[in-house]
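Residue numbers (this note's numbering): 1 to 172. Beta carbons are placed, not taken as given, at the ideal position from N, Cα and C, and that holds for glycine. Keep in mind the model is a prediction, meaning the values are calculated, not measured. As structure tokens, the structure follows; a few thoughts come after it.
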């Protein structure tokens with residue numbers, strides 16, 4: 001009984017952790033940044049004045065722009081370079097700094113696991129349903145269990161053999 005309770009608790013725990021992980025991955029991150037277009041990033045860089053530079057952090061296709069006071073987010077086109085975009089727009093290199101963040105090894109592994117997560121969840125639910133159906137009262141999945149009873153001789157006996165009856169049985 002205790003082993004079954006632990007197994008079911010672990011299964012529920014895994015399902016809850018997976019649901020929370022999926023929720024936080026797909027929910028919008030709560031931050032104080034304002035989303036702007038890529039043309040507004042170019043305008044910010046052109047109009048930047050003073051000693052501080054416009055800091056642009058690139059992570060994949062997502063840009064995080066800090067102008068010293070405010071934080072903005074933007075997205076660039078896939079395969080395009082922010083430095084090339086700003087230089088082709090005529091922005092001086094001294095007005096901005098670009099920092100590119102690479103992806104960690106865990107993000108690649110996490111991406112693979114996310115691809116297999118629906119398959120894993122479906123398999124877990126199917127396994128859970130099959131295990132529940134194998135209970136004592138529910139015999140839906142009991143097609144592999146034998147219902148045969150042992151017969152001695154030509155008729156079924158409901159009593160046990162005695163030591164005196166055993167040699168007679170062996171001779172016949």
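For residue i, the first and last residue of its enclosing beta strand (DSSP E)
i, result
"residue 195", "Examination of residue 195 is not possible in this model, given that the chain is present from 1 through 172 alone."
"residue 53", "No beta strand (DSSP E) holds residue 53; DSSP gives it neither H nor E."
"residue 100", "96-101"
"residue 64", "62-66"
Residue range of the unbroken alpha helix (DSSP H) whose run includes residue i
i, result
"residue 13", "2-26"
"residue 82", "82-88"
"residue 41", "38-46"
C-beta atoms of residue i and residue j nearer than 8 Å
i, j, result
"residue 41", "residue 65", "yes"
"residue 58", "residue 101", "yes"
"residue 71", "residue 33", "yes"
"residue 61", "residue 48", "no"
"residue 76", "residue 112", "no"
Rounded Cβ spacing between residue i and residue j (contact assumed at less than 8 Å)
i, j, result
"residue 74", "residue 36", "5 Å"
"residue 11", "residue 128", "6 Å"
Residue closest to residue i, alpha-carbon to alpha-carbon, out of the options
i, options, result
"residue 121", "71, 22, 166", "22"
"residue 124", "52, 8, 46, 161", "8"
"residue 116", "18, 5, 89", "18"
Any non-hydrogen atom of the ligand MG within 7 Å of residue i CB
i, result
"residue 33", "Ligands in the displayed structure: none, and consequently the ligand MG is not present."
is_contact[residue i, chain B] using C-beta, thresh 8 Å
i, result
"residue 165", "In summary, chain B is missing from the structure at hand, where a single protein chain is found."
Using 8 Å as the Cβ pair cut-off and three pairs as the minimum, do the segment 44-61 and the segment 77-93 touch?
yes
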